[in-house]
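A.B. asks: Provided herewith is a single structure, encoded as structure tokens, for subsequent inquiry.
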Amino acid sequence: MGASESRQEALAELKERLRSLRVQRRLSMAALPGRAGLGRTTVSQALNGTGMPSEATVVALASALKTDAEPLLRLRARALPPTARVATVDDSDSDPQTRFENWYRRYLEQRYGQLSVIGLDLSRPERACWPLDAAYLSLELSTPVRSVGPTDSRGGIAAGPGGGGLGVRVERAERALAGQRRTLVRGLAGSGKTTLLQWLAVSTARHSLPPELAHLEGCLPFVLPLRTLVRRGELPAPHEYLTAVGCPRDSAQPANWADQALIDGRALLLIDGLDEVPHAQRAKTRQWLRELLAAYPQAAYLVTTRPSAVPEGWLADGGFTELTVRPMSTRDVAVFVTRWHTAASSNATTAQERAHLAALEETLKDTVRSQRDLARLTTTPLLCALVCALHRDRRGHLPHGRMALYEAALSMLMHRRDRERDIEAPEGLSLTEHQSVQVLQRLAYWLIRNGQTELDHDTARALVDDALPAMPHIAQQADADGVLTHLLARSGLLRQPTAETIDFVHRTFQDYLGAKAAIEARDIPLLVRHAHDDQWEDVLRMAVAHARPHERASLLRRLITRGDRTLKHRTRLHLLATACLEHATELDPAVREDVQQRTAALLPPRSDEEALTLAAVGPVILDLLPGPEGLENDEAEAVVNTAGRIGGDAALTVMKKFRASADAGVQFRLHADWSHFDTEDYAREVLAHVPDAHYVRVRSAEQLSVLRHLRTLTRVEFTGNFTSGEITSAIRPEELQRLEATRNSALENLGFLQAYTSLTNISFSQCRNVADLTPLAATPVTSLSLYECEAARLEDLRCLARLKSLSLNVKHPLRNLEALPVDADLASLWLGTLSCGRLRALEGITRWPNLTTLSLCGPVDGFSQISALPKLSYLMLQVRAGLFMLAELPPTPQINELWLGSWEAEDDLATVSMALPNLKKLTINCYDKHWQVDLTPLRGMADLSITINRADEVLGTEHFPPGAITRKPRPRT
31 MGASESRQEA LAELKERLRS LRVQRRLSMA ALPGRAGLGR TTVSQALNGT GMPSEATVVA
91 LASALKTDAE PLLRLRARAL PPTARVATVD DSDSDPQTRF ENWYRRYLEQ RYGQLSVIGL
151 DLSRPERACW PLDAAYLSLE LSTPVRSVGP TDSRGGIAAG PGGGGLGVRV ERAERALAGQ
211 RRTLVRGLAG SGKTTLLQWL AVSTARHSLP PELAHLEGCL PFVLPLRTLV RRGELPAPHE
271 YLTAVGCPRD SAQPANWADQ ALIDGRALLL IDGLDEVPHA QRAKTRQWLR ELLAAYPQAA
331 YLVTTRPSAV PEGWLADGGF TELTVRPMST RDVAVFVTRW HTAASSNATT AQERAHLAAL
391 EETLKDTVRS QRDLARLTTT PLLCALVCAL HRDRRGHLPH GRMALYEAAL SMLMHRRDRE
451 RDIEAPEGLS LTEHQSVQVL QRLAYWLIRN GQTELDHDTA RALVDDALPA MPHIAQQADA
511 DGVLTHLLAR SGLLRQPTAE TIDFVHRTFQ DYLGAKAAIE ARDIPLLVRH AHDDQWEDVL
571 RMAVAHARPH ERASLLRRLI TRGDRTLKHR TRLHLLATAC LEHATELDPA VREDVQQRTA
631 ALLPPRSDEE ALTLAAVGPV ILDLLPGPEG LENDEAEAVV NTAGRIGGDA ALTVMKKFRA
691 SADAGVQFRL HADWSHFDTE DYAREVLAHV PDAHYVRVRS AEQLSVLRHL RTLTRVEFTG
751 NFTSGEITSA IRPEELQRLE ATRNSALENL GFLQAYTSLT NISFSQCRNV ADLTPLAATP
811 VTSLSLYECE AARLEDLRCL ARLKSLSLNV KHPLRNLEAL PVDADLASLW LGTLSCGRLR
871 ALEGITRWPN LTTLSLCGPV DGFSQISALP KLSYLMLQVR AGLFMLAELP PTPQINELWL
931 GSWEAEDDLA TVSMALPNLK KLTINCYDKH WQVDLTPLRG MADLSITINR ADEVLGTEHF
991 PPGAITRKPR PRT
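Just add 30 to wherever you are in the sequence shown, counting from 1, and you've got this note's numbering.
What follows is the structure in structure tokens.
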């Protein structure tokens, strides 16, 4: 196959995958564009057209279709020609202007084709750069709109209360900029504004813009960073653009070249950083822009700024549309981390280095998920890149723990980034990093103490004003208003959600600075008093890190002492103290031991009850959950149960650690808690890796849509109204062996099951419209369960000749088992409370002489007849059936296993040894009653193994050899 054919095949496969995903997600072609934030034409061309969709389009579609973007992007990369860049052409026959333009486009591609993190300490500085092509991520932009009602949140309108008034439209950058020729983009420090301009410059220079931006096709981009221009004095005229930005061939440009491009509407001015212009020169800059607009109305303009630098509507009279960069979503962060490592791999020189980067990518994704404060931090491309670069530079370890990472981020945002880009006091005020921190931590601590997330402008001004007398160097430069304006514009940590309010851009920075202020104020009692409040959780942990050793010891002692005295919050306070140990780099060993002793009885959990208790504490417990190494099976299952109950991204990392477990209990928990996580991520990162995992529980259409991407599924449980068509489309007929449907009113005709040639076990529970069972006669079904299916026709059971196992819990008119219309030779019979309640007697049970298993959920006359069943070996008595029934049973030596589903205080095991003399295995379940169990009456029964669940106390164990008795949960010594 030739290279061209291979590329065409990859493109066809990409489009086929997109179409298949749309069908699986049950999205119409009308709904998909809105969900993806793309135009209808763009989506149609991406799925059905002949052209190549842009990277941004693929990422947006992957997000809308809830799938991993990287496999799709790899297909797109395979479909690209060897170079998608502007070709090196033979300019010998071209005119001088064309030759210069061709060179200029190639120059832009080279100059702006790299991304970098400025203000970052790395052992190898070259690692702070990576290719734009591989790393660029299309962000979401929002704009206020007048709305008449809410639509979806991606690419639609999120209306205000009542569904009308002013709303916000959220779209991917390409769609938000579609058709726009004058745009002002607002964004916080590091939100990706400059990167967006670089991408526009390179894509326009290469003629590789996505279809949404077709109005810019053929334009000549001019990147104009205002921080560079203002240092020249006068802002440049068009013929000075190249000189102003340091282009080495500025003198070679044809006469009037830039001026003519602007007049013709072929120029795209990318003006970066209004906020980086000194305040005194902003009016002059605005006038410069107005003159450009008047002189060149046909040109395209995109201007960027931080939100607080200029008021809303600052360029509205020039016809500018204002867009705001949105924080990155969880999925955006995951895509960014993947693309950053892909970009880094493109510069790797060995296969070993590329493999190392792939491992770092997976590790970092798990780290960001599991550490909630870190997840809150990585909501901008700059901070994501910071974390990626530092994680790589430290070979998989963030610098000396999270606190050092926050220090690096604060330093970069507040001081080094401006200094290394030569931005000097644009607000007319110069503060050191330490001075900025001292003021900011006052604001942060006020917010924390008062339980607020934002403060009004007057309060913020008053807090700054209170600080100035002790900071004369600052007071000499500006008043409280000036300091606050500077911090809003340059610190990268504050923002103005409204004209009257101020908050921190990341709660992590607020907690970090507030904790520092609390320790400096010696407010340890205040910290301990609020320690039960989950809003103070990270403040406590960071306070331990900020504290000196004696302060740290005092804080932790007070914390565990309060836990000892306060039953209501004891578990949470003791676990929080243990979580704080991670940040206690130096601590009195006696204090550390005291803290660890408090949680020794809680970790690791060993039962559902302990898992429930730990999960109630909240996500703080996730950092403390051990394993999988060194855990017994019951502990591993309880750890997974704890994380599964909490759910979310942080818990996903815990679940991933156990995905290779072969223990049935752990595997059950991994499948049971799917609905507590992102459907696609959990299926791809957990379920797809469980060994021999043939079972899955489906509760939503989203879960249904990913079933075909999992390994071979032999058992599927559906909960909810899934139609036969939906089930058929999701499960391969040749694989399914066991199907369970619960609370399903959509199922009626069971004929669709005849296509499942391996199906042997079917269960219907609360399926009120399942009536006709005769289609099952044409299936290989040997096991059938009917629970509360009142429409089911029992007379149809007669046609199921292959039946070996039958479970019934339905209301019926039958007086005894003689009347049960089952001609098959049953080996197992389970009768629920409803069925047992209607039966007068077990008369007729001997019709099935090969019965080996019998389960009863209530007392029934004629119980003694089971002794006539020669092959009966396993007896289950549960719910209303119990040990008392054995009193009427003559010795039945063929039964060797007894399962008691309920235990009462008056129960006496003496009847067991008389009725079941050959018993080898006994299970006793006390459940929530936690009764005392006395095993003494069973002494002398040789080879008897006993399992006891949830008993408070077990007596008589001394009569049995070691290992004969198993208690669950295992008692702690």
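Glycine is no exception: its CB is placed at the ideal position from the N, C-alpha and C atoms.
Suppose you measure from the CA of LEU498 to the CA of ASP509; what does that come to, to the nearest Å?
C.D. replies: When rounded, the distance between both Cα atoms is 8 Å.
A.B. asks: What is the residue span of the beta strand (DSSP E) that ILE676 lies within?
C.D. replies: Premise fails: ILE676 lies in the alpha helix (DSSP H), 663-676, not in any beta strand (DSSP E).
A.B. asks: With H, G and I counted as helix, E and B as strand and the rest as coil, what does DSSP make of ALA994?
C.D. replies: The answer is coil: DSSP assigns ALA994 none of H, G, I, E or B.
A.B. asks: For the ligand GTP, is there any heavy atom lying closer than 7 Å to the beta carbon of TRP929?
C.D. replies: By its list of ligands, the structure shown contains no ligand whatsoever, and the ligand GTP lies outside what it can speak to.
A.B. asks: Does the count of Cβ pairs from the stretch 364-384 and the stretch 308-326 closer than 8 Å reach three?
C.D. replies: Contact fails: fewer than three Cβ-Cβ distances are below 8 Å.
A.B. asks: With DSSP as the reference, label THR615 as helix, strand or coil.
C.D. replies: Note: THR615 maps to coil in three-state DSSP.
A.B. asks: Threshold first: 3 residues or longer. Then list the beta strand (DSSP E) segments lying entirely within the stretch 275-362, N to C.
C.D. replies: Runs found: 297-302, 330-335, 351-355.
A.B. asks: Measure from the alpha carbon of LEU4 to the alpha carbon of each residue in ASP624, ARG422, VAL800, VAL275, then state which is nearest.
C.D. replies: As displayed, the chain neither begins before 31 nor continues past 1003, which places residue 4 out of reach and without an answer.
A.B. asks: For GLU43, which of helix, strand or coil comes out of DSSP?
C.D. replies: DSSP places GLU43 in helix when its eight states are reduced to three.
A.B. asks: Please name the residue in GLY674, SER775, TYR786 whose C-alpha comes closest to that of VAL800.
C.D. replies: That would be SER775, whose Cα lies nearest to the Cα of VAL800.
A.B. asks: Between LEU304 and LEU256, how many whole angstroms is the CB-CB distance? I'm expecting something under 8 Å.
C.D. replies: The pair is a contact, with the Cβ atoms about 6 Å apart (cut-off 8 Å).
A.B. asks: Sort ILE293, THR863, PHE794, ILE590 by Cα distance to ARG628 and report the nearest one.
C.D. replies: Nearest option by C-alpha distance: ILE590.
A.B. asks: Reducing DSSP to helix, strand and coil, say where ILE761 ends up.
C.D. replies: Coil.
A.B. asks: Where does the unbroken alpha helix (DSSP H) through ALA583 begin, and where does it stop?
C.D. replies: Looking at the DSSP string, the run of the alpha helix (DSSP H) that includes ALA583 is 579-595.
A.B. asks: Hey, how far is the Cα of THR173 from the Cα of ALA206?
C.D. replies: Cα-Cα distance, rounded: 8 Å.
A.B. asks: Quick check on this structure: which residue in GLU306, ALA274, CYS277, GLU270 has the alpha carbon closest to the alpha carbon of ASP289?
C.D. replies: Ranking GLU306, ALA274, CYS277, GLU270 by Cα distance to ASP289 puts GLU270 first.
A.B. asks: When burial is assigned at 16 or more other CB atoms within 10 Å of the CB, is PRO635 buried or exposed?
C.D. replies: Buried is the call here.
A.B. asks: Rounded to the nearest angstrom, what separates VAL232 and GLU747 at their Cα positions?
C.D. replies: Distance between the alpha carbons of VAL232 and GLU747: 51 Å.
A.B. asks: Taking the beta strand (DSSP E) that ASN839 belongs to, which residues open and close that run?
C.D. replies: 835-839 is the extent of the beta strand (DSSP E) around ASN839.
A.B. asks: Using 8 Å as the cut-off, can you tell me whether the stretch 46-61 makes contact with the stretch 93-100, which would need three or more C-beta pairs spanning the two stretches below that distance?
C.D. replies: With a cut-off of 8 Å, the stretch 93-100 and the stretch 46-61 count as touching, because enough Cβ pairs lie within range.
A.B. asks: Could you tell me the alpha carbon to alpha carbon distance between VAL647 and GLU936, rounded to whole angstroms?
C.D. replies: Answer to the nearest angstrom: the Cα atoms are 37 Å apart.
A.B. asks: For ALA405, tell me which candidate among SER375, GLU391, SER376, MET358 has the shortest Cα-Cα distance.
C.D. replies: The shortest C-alpha separation from ALA405 is found at MET358.
A.B. asks: Between GLY862 and TYR817, is the Cβ-Cβ spacing less than 8 Å?
C.D. replies: Yes, these two residues count as a Cβ contact at 8 Å.
A.B. asks: Identify which residue in ARG199, LYS314, THR224, ALA808 has its Cα closest to the Cα of ILE301.
C.D. replies: Of ARG199, LYS314, THR224, ALA808, the residue nearest in Cα terms is THR224.
A.B. asks: Round the Cβ separation of ARG28 and TYR137 to the nearest angstrom and send it over; I've been treating them as touching at under 8 Å.
C.D. replies: Outside the modelled stretch of the chain, which goes from 31 to 1003, sits residue 28, for which no answer is possible.
A.B. asks: Are there 16 or more other CB atoms within 10 angstroms of the CB of GLN962, so buried, or fewer, so exposed?
C.D. replies: Classification of GLN962: exposed, given that the 10 Å Cβ count is below 16.
A.B. asks: Skipping 5 residues on each side, what residues in its chain have a beta carbon closer than 7 Å to that of LEU292?
C.D. replies: So the qualifying residues of the chain are PRO268, TYR326, ALA329.
A.B. asks: What number of angstroms, rounded off, separates the C-alpha of SER865 from the C-alpha of HIS724?
C.D. replies: If you take the alpha carbons of SER865 and HIS724, they lie about 31 Å apart.
A.B. asks: Identify which residue in VAL494, ASP496, LEU473 has its Cα closest to the Cα of LEU485.
C.D. replies: Minimum Cα distance to LEU485 is reached at LEU473.
A.B. asks: What residue range does the alpha helix (DSSP H) around LYS395 cover?
C.D. replies: Counting along the chain, the alpha helix (DSSP H) containing LYS395 begins and ends at 381-400.
A.B. asks: Between the stretch 655-667 and the stretch 604-619, do three or more beta carbon pairs fall short of 8 Å?
C.D. replies: With a cut-off of 8 Å, the stretch 604-619 and the stretch 655-667 do not count as touching, because too few Cβ pairs lie within range.
A.B. asks: Are the Cβ atoms of LEU968 and ALA994 separated by less than 8 Å?
C.D. replies: No, Cβ-Cβ distance for LEU968 and ALA994 is not below 8 Å.
A.B. asks: If you reduce the DSSP assignment to three classes, tell me which class MET59 lands in.
C.D. replies: Note: MET59 maps to coil in three-state DSSP.
A.B. asks: With a CB to CB cut of under 8 Å and the five nearest residues on each side skipped, what residues in its chain are close to PRO411?
C.D. replies: Within the same chain, PRO411 has close Cβ partners LEU167, LEU169, GLY220, SER221, GLY222, THR225, MET358, PHE366.
A.B. asks: Can you tell me whether DSSP reads TYR137 as helix, strand or coil?
C.D. replies: Reduced to three states, the DSSP call for TYR137 is helix.
A.B. asks: Between which two residues does the alpha helix (DSSP H) carrying PHE1042 extend?
C.D. replies: This structure cannot settle anything about residue 1042, because the visible part of the chain is limited to 31 through 1003.
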